[in-house]
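Student:
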Amino acid sequence: MRILWALARNTFVEALRDKVFYLLLGFGAFLFSASRLLAPLALGEERRVTLDVGLAAISLFGCLITIFVGHQMIFREVERKTLYFLFSRPIHRAHFVWGKFCGLASVLAVSLVVMGALLVLVLKISGYPVDASIVQALVLAFFGLMILAAIAVLIAAFTTPVLAGLLTLAAYVVGHGSGDLFWLLERTGSPGAAALVRTLGWILPRLDLYSEMLPVLDGSGWTPIQMGWCVLYALLYGGACLCLATVVLQRREFTL
Amino acid sequence: MEYLVALEGIEKTYRPGLFQKRVRALDGLTLRVERGECYGFLGVNGAGKTTTFKVLLGLLRTDAGRGELLGAPLGNRTVRRRLGFLPELPAYYPHLTGAEVLRFARDLSGVPRDDAADRRLFEELGIGVAADRRVRRLSKGQLQRVGLAQCLVHEPELLILDEPMSGLDPIARGLVKDRLRRERAAGRTLLLSTHVLADVENLVDRVGLLASGKLALEERADALLASNTREVVITGEGAVSEEVVADIPGASWRAGTAGWTVSLEHPAPLQVDACVRRLVRAGATIHGLETRRDDLETIFIDRIRREEQA
Numbered sequence: 001m002r003i004l005w006a007l008a009r010n011t012f013v014e015a016l017r018d019k020v021f022y023l024l025l026g027f028g029a030f031l032f033s034a035s036r037l038l039a040p041l042a043l044g045e046e047r048r049v050t051l052d053v054g055l056a057a058i059s060l061f062g063c064l065i066t067i068f069v070g071h072q073m074i075f076r077e078v079e080r081k082t083l084y085f086l087f088s089r090p091i092h093r094a095h096f097v098w099g100k101f102c103g104l105a106s107v108l109a110v111s112l113v114v115m116g117a118l119l120v121l122v123l124k125i126s127g128y129p130v131d132a133s134i135v136q137a138l139v140l141a142f143f144g145l146m147i148l149a150a151i152a153v154l155i156a157a158f159t160t161p162v163l164a165g166l167l168t169l170a171a172y173v174v175g176h177g178s179g180d181l182f183w184l185l186e187r188t189g190s191p192g193a194a195a196l197v198r199t200l201g202w203i204l205p206r207l208d209l210y211s212e213m214l215p216v217l218d219g220s221g222w223t224p225i226q227m228g229w230c231v232l233y234a235l236l237y238g239g240a241c242l243c244l245a246t247v248v249l250q251r252r253e254f255t256l
Numbered sequence: 001m002e003y004l005v006a007l008e009g010i011e012k013t014y015r016p017g018l019f020q021k022r023v024r025a026l027d028g029l030t031l032r033v034e035r036g037e038c039y040g041f042l043g044v045n046g047a048g049k050t051t052t053f054k055v056l057l058g059l060l061r062t063d064a065g066r067g068e069l070l071g072a073p074l075g076n077r078t079v080r081r082r083l084g085f086l087p088e089l090p091a092y093y094p095h096l097t098g099a100e101v102l103r104f105a106r107d108l109s110g111v112p113r114d115d116a117a118d119r120r121l122f123e124e125l126g127i128g129v130a131a132d133r134r135v136r137r138l139s140k141g142q143l144q145r146v147g148l149a150q151c152l153v154h155e156p157e158l159l160i161l162d163e164p165m166s167g168l169d170p171i172a173r174g175l176v177k178d179r180l181r182r183e184r185a186a187g188r189t190l191l192l193s194t195h196v197l198a199d200v201e202n203l204v205d206r207v208g209l210l211a212s213g214k215l216a217l218e219e220r221a222d223a224l225l226a227s228n229t230r231e232v233v234i235t236g237e238g239a240v241s242e243e244v245v246a247d248i249p250g251a252s253w254r255a256g257t258a259g260w261t262v263s264l265e266h267p268a269p270l271q272v273d274a275c276v277r278r279l280v281r282a283g284a285t286i287h288g289l290e291t292r293r294d295d296l297e298t299i300f301i302d303r304i305r306r307e308e309q310a
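Next up, the structure:
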């Protein structure tokens with residue numbers, strides 16, 4: 001546990017030093033500008049637009065932070081030879097993978113708290129009500145980003161930084177479109193398509209589940225069971241990705 | 001006899017890519033390092049020294065052969081708690097200070113933090129300033145010593161050091177050498193690679209030369225050092241002429257701007273002593289005596305050539 005904590009803390013501090021949180025400033029500026037520019041055009045739906053833009057921006061900036069921190073997290077250790085420092089000690093490859101993931105998860109957690117607070121601040125300043133569904137949406141966004149972070153670690157375990165960045169972005173895009181893809185395939189009525197849906201259902205990340213807007217826009221929120229399923233799915237999918245990343249690293253040789 | 005490093009018939013070939021030539025880095029390497037000894041691991045660039053260390057750390061898998069590190073099969077994670085490793089050109093996280101590197105090293109090795117001991121260690125190695133300075137602002141020599149410190153903090157049984165004197169100035173070299181002597185006196189086992197004879201003089205018990213991925217020669221260091229003096233140069237002044245040393249085999253006299261120089265090539269045992277006595281008796285004042293030796297690689301390569309010719 002101490003090893004895991006030490007690795008996670010190092011990843012977190014390194015991300016801070018890489019000035020990843022500058023992205024949060026970008027988020028703040030974007031949010032305030034968007035709410036000021038778009039809300040007046042919404043004709044009575046100003047709160048809805050602010051929330052919609054705010055939550056979408058949180059998801060997008062979370063994705064950017066994941067890519068920024070995750071794309072070279074393993075490559076860099078190899079490139080600058082710090083792996084010698086780590087692997088000459090009693091560290092299992094799983095420690096390394098989970099330590100990196102926990103560090104990235106901490107960065108995302110802090111970012112989400114800051115972005116969520118900024119969103120609430122904008123809503124308050126604009127005089128719109130703030131309810132518990134917004135907190136639920138932020139919690140779900142966090143677990144959605146956990147899935148993306150686990151995918152980023154898995155991809156980083158076997159590829160170059162540029163490819164890792166592109167593939168993580170692709171996973172984000174595909175993950176958010178996977179619900180629509182399944183919906184379309186199911187409606188074709190073909191048995192082949194149904195089999196394809198079942199197969200893809202196991203492979204593609206269902207990130208769309210974590211970015212639903214309706215429950216927060218109408219204030220109805222999510223039931224505890226819905227939240228529980230989403231959290232469970234994130235834990236299982238993320239856990240599977242990290243186990244796979246451990247296997248990949250276990251088999252990988254480091255020529256340095 | 002207990003071996004902390006035991007490699008037998010290790011083979012490793014790098015496969016860089018589909019259309020690139022394979023590189024055979026280790027070709028049946030057999031290497032044994034006894035508990036408590038200091039082993040000098042020598043070899044020219046590309047001989048396979050670093051590959052051997054990577055195999056020992058479990059960063060590379062072997063194609064053939066078997067090995068043990070600290071009594072456990074290669075790749076065993078838990079025994080690395082008893083291992084300290086200094087890579088050639090060590091690199092650490094640039095955002096950490098020297099003290100933070102040691103704290104991180106302690107956390108990863110599962111030993112309690114001890115900032116006071118870490119600072120003492122830095123002071124001993126002559127880099128007290130590195131404790132509060134970020135790694136990216138340290139010089140090469142300072143970084144090298146931070147590297148040595150990080151592999152000592154958990155008091156390992158075995159130290160594997162890849163070119164430990166690399167990038168060090170003469171003072172730092174002395175400090176590091178003293179520290180390594182103390183580690184050896186404390187019963188630790190050292191496996192170190194180097195090119196420089198002076199680095200391993202009075203430190204290593206055995207030396208082995210790695211050539212083309214296998215151990216070409218292995219010998220006790222004291223025997224080797226006794227046989228490799230190329231030249232002894234005596235400088236001094238006073239009424240000494242060429243005739244004084246004329247009958248000493250291999251000796252030559254040369255006048256200099258401030259005195260003279262006597263060179264003894266490949267001197268036999270006691271020949272230096274006899275020469276100095278004769279010079280003093282003739283009224284000379286000796287200013288200096290310098291022993292010039294071949295570096296270990298040269299000696300070993302020379303030995304290999306001689307053996308091939310024989």
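Sequence lines, in order, name chains P and A.
Just so you know, we're using full-length UniProt numbering here: the first sequence kicks off at 1 and counts up by one.
Just so you know, we're using full-length UniProt numbering here: the second sequence kicks off at 1 and counts up by one.
Quick reminder that beta carbons are idealized off the backbone N, C-alpha and C, glycines included.
Helix, strand or coil for P:F21, going by three-state DSSP, please let me know.
Tutor: Taking the first residue of the first sequence as position 1, residue 21 of chain P is located at position 21. Coil.
Student: Can you find a C-beta in chain A that's less than 7 Å from the C-beta of P:E253?
Tutor: In the first sequence, the residue the question calls residue 253 of chain P occupies position 253. With 7 Å as the cut-off, P:E253 counts as an interface residue toward chain A.
Student: From the beta carbon of P:Y22, is the nearest beta carbon of chain A less than 7 Å away?
Tutor: Counted from its first residue, the first sequence places residue 22 of chain P at position 22. By this cut-off, P:Y22 is not an interface position.
Student: Grab the span of the beta strand (DSSP E) containing P:C241 for me, first residue to last.
Tutor: Here the question's residue 241 of chain P lines up with position 241 in the first sequence. Premise fails: P:C241 lies in the alpha helix (DSSP H), 224 to 251, not in any beta strand (DSSP E).
Student: Any beta-carbon of chain P closer than 7 Å to the one on residue 361 of chain A?
Tutor: Nothing in the structure corresponds to residue 361 of chain A, since chain A is present only between 1 and 310.
Student: Please check if any C-beta of chain A sits within less than 7 Å of the C-beta of P:F27.
Tutor: In the first sequence, the residue the question calls residue 27 of chain P occupies position 27. Answer no: the Cβ-Cβ gap between P:F27 and chain A never drops below 7 Å.
Student: Let me see if you follow: with CB-CB separation under 7 Å, is A:P73 close to chain P or not?
Tutor: Mapped onto the second sequence, residue 73 of chain A falls at position 73. Taking Cβ atoms only, chain P never reaches closer than 7 Å to A:P73, which makes this a no.
Student: Got a sec: which bits of the region 139 to 154 of chain A sit with their beta carbon under 9 Å from any beta carbon on chain P, in order along the chain?
Tutor: So the close ones are G147, Q150, C151, H154.
Student: Kindly give me the distance between the Cβ atoms of P:G228 and P:L204, rounded to whole angstroms, as I take these residues to be in contact under 8 Å.
Tutor: Here the question's residue 228 of chain P lines up with position 228 in the first sequence. Here the question's residue 204 of chain P lines up with position 204 in the first sequence. Actually they are not in contact, since the Cβ atoms of P:G228 and P:L204 sit about 21 Å apart, beyond 8 Å.
Student: Can you pull the DSSP bridge partners for A:G236?
Tutor: On the second sequence, position 236 is the one that residue 236 of chain A refers to. DSSP, once it has assigned bridges, lists A:W260, A:I286 as partnering A:G236.
Student: I'd like the span of the alpha helix (DSSP H) that includes P:E77, first residue to last.
Tutor: Sequence index remark: in the first sequence, residue 77 of chain P carries index 77 (1-based). Note, P:E77: alpha helix (DSSP H), 75 to 79.
Student: Given a cut-off of 7 Å on the beta-carbon distance, is the pair P:A6 and A:L121 in contact?
Tutor: Taking the first sequence and counting its residues from 1, one reaches residue 6 of chain P at position 6. Taking the second sequence and counting its residues from 1, one reaches residue 121 of chain A at position 121. Cβ distance not < 7 Å, so P:A6 and A:L121 don't count as in contact.
Student: Spell out the partners DSSP gives A:E100 in its beta bridges.
Tutor: Numbered from its first residue, the second sequence carries residue 100 of chain A at position 100. A:E100 is not bridged to any residue.
Student: If distances are taken between C-alpha atoms only, which option among P:G70, P:G116, P:E46 comes closest to P:L167?
Tutor: In the first sequence, residue 167 of chain P corresponds to position 167, counting from 1. It is P:G70.
Student: Any heavy atom of the ligand ADP closer than 6 Å to the CB of P:R252?
Tutor: This structure simply doesn't include the ligand ADP, nor any ligand for that matter.
Student: Go ahead and pull the three-state DSSP assignment for A:G28.
Tutor: One-based indexing of the second sequence puts residue 28 of chain A at position 28. Here A:G28 sits in strand by DSSP.
Student: Mind checking whether P:K138 and P:G116 have CB atoms under 7 Å apart?
Tutor: Along the first sequence, read from residue 1 onward, the residue named residue 138 of chain P stands at position 138. Along the first sequence, read from residue 1 onward, the residue named residue 116 of chain P stands at position 116. For the record, residue 138 of chain P in the displayed sequence is Leu; it is not Lys. It is a contact, given that the beta carbons lie within the stated cut-off.
Student: So if I threshold CB-CB distances at 8 Å, which residues from the region 82 to 96 of chain P count as touching chain A?
Tutor: The residues in question are T82, L83, Y84, F85, L86, F87, S88, R89, P90, I91, H92.
Student: Between which two residues does the beta strand (DSSP E) harbouring P:C102 extend?
Tutor: Position 102 of the first sequence, counted from the start, is the residue given in the question as residue 102 of chain P. Careful: P:C102 lies outside any beta strand (DSSP E), inside the alpha helix (DSSP H) at 93 to 125.
Student: For P:P224, does the count of other Cβ atoms within 10 angstroms reach 16, so buried, or fall short, so exposed?
Tutor: Locating residue 224 of chain P in the first sequence gives position 224, counting from the first residue. Burial call: exposed.
Student: Whole angstroms are fine: how far does the CA of A:R134 sit from the CA of A:E123?
Tutor: Locating residue 123 of chain A in the second sequence gives position 123, where the first residue counts as 1. Locating residue 134 of chain A in the second sequence gives position 134, where the first residue counts as 1. Straight-line Cα distance between these residues: approximately 16 Å.
Student: For A:G213 and A:R230, what's the separation of their Cα atoms in angstroms?
Tutor: If you number the second sequence from 1, residue 213 of chain A lands on position 213. If you number the second sequence from 1, residue 230 of chain A lands on position 230. Taking the straight line joining both Cα atoms gives about 28 Å.
Student: Please confirm if residue 291 of chain P has its CB atom under 7 Å from at least one CB of chain A.
Tutor: This structure gives no information on residue 291 of chain P, because the portion of chain P shown stretches from 1 to 256.
Student: Out of A:R137, A:L175, A:T291, which has the shortest C-alpha to C-alpha gap to A:H95?
Tutor: Position 95 of the second sequence holds residue 95 of chain A. The candidate whose alpha carbon is nearest that of A:H95 is A:R137.
Student: Measure the Cβ-Cβ separation of A:E88 and A:D199 and say whether it is below 7 Å.
Tutor: By 1-based counting over the second sequence, the position of residue 88 of chain A is 88. By 1-based counting over the second sequence, the position of residue 199 of chain A is 199. Against a cut-off of 7 Å, the Cβ pair of A:D199 and A:E88 comes out as no contact.
Student: Determine the closest residue to A:A149 out of A:S193, A:G126, A:V276, A:N202, with distance taken between C-alpha atoms.
Tutor: Translated into the one-based positions of the second sequence, residue 149 of chain A becomes position 149. When each option's Cα is compared against that of A:A149, the closest is A:G126.
Student: On a CA-only basis, which of A:F19, A:V33, A:P16 is nearest A:L215? Give me that one, please.
Tutor: Reading the second sequence from its first residue, position 215 is the one you call residue 215 of chain A. It is A:V33.
Student: For the region 36 to 59 of chain A, which residues have a beta carbon sitting closer than 8 Å to at least one beta carbon of chain P?
Tutor: Residues K54, L57, G58, L59.
Student: Hey, P:I65 and P:V113: beta-carbon distance below 7 Å or not?
Tutor: For the purposes of this step, residue 65 of chain P is taken as residue 65 along the first sequence, with counting starting at 1. For the purposes of this step, residue 113 of chain P is taken as residue 113 along the first sequence, with counting starting at 1. Cβ atoms of P:I65 and P:V113: not closer than 7 Å.
Student: Beta-carbon within less than 6 Å of P:A164's beta-carbon, same chain only, minus the 5 sequence neighbours each way: which residues are those?
Tutor: Here residue 164 of chain P corresponds to residue number 164 of the first sequence, with the count starting at 1. H71, I155, A156, listed in sequence order.
Student: I need the straight-line Cα distance from P:A141 to P:A94, nearest angstrom please.
Tutor: On the first sequence, position 141 is the one that residue 141 of chain P refers to. On the first sequence, position 94 is the one that residue 94 of chain P refers to. When rounded, the distance between both Cα atoms is 26 Å.
Student: In the structure shown, what three-state DSSP assignment does residue 322 of chain A receive?
Tutor: Nothing about residue 322 of chain A can be read from this structure; chain A reaches only from 1 to 310.
Student: Check the C-beta distance from A:L143 over to A:P90 and give it rounded, since I have them as a contact under 8 Å.
Tutor: By one-based count along the second sequence, residue 143 of chain A stands at place 143. By one-based count along the second sequence, residue 90 of chain A stands at place 90. Indeed they touch by this definition, with Cβ atoms about 6 Å apart.
Student: Going by beta carbon distance, what residues of the same chain come within less than 7 Å of A:A172, once the five residues before and after it are set aside?
Tutor: The residue labelled residue 172 of chain A in the question sits at position 172 within the second sequence. Contacts found: G126, G141, R145.
Student: Please state whether DSSP places A:R106 in a helix, a strand or coil.
Tutor: Along the second sequence, one-based indexing puts residue 106 of chain A at 106. Residue state, collapsed to three classes: helix.
Student: Taking Cβ positions only, does A:R184 come closer than 7 Å to chain P?
Tutor: Taking the first residue of the second sequence as position 1, residue 184 of chain A is located at position 184. Not closer than 7 Å to any Cβ of chain P, the Cβ of A:R184 fails to qualify, so no.
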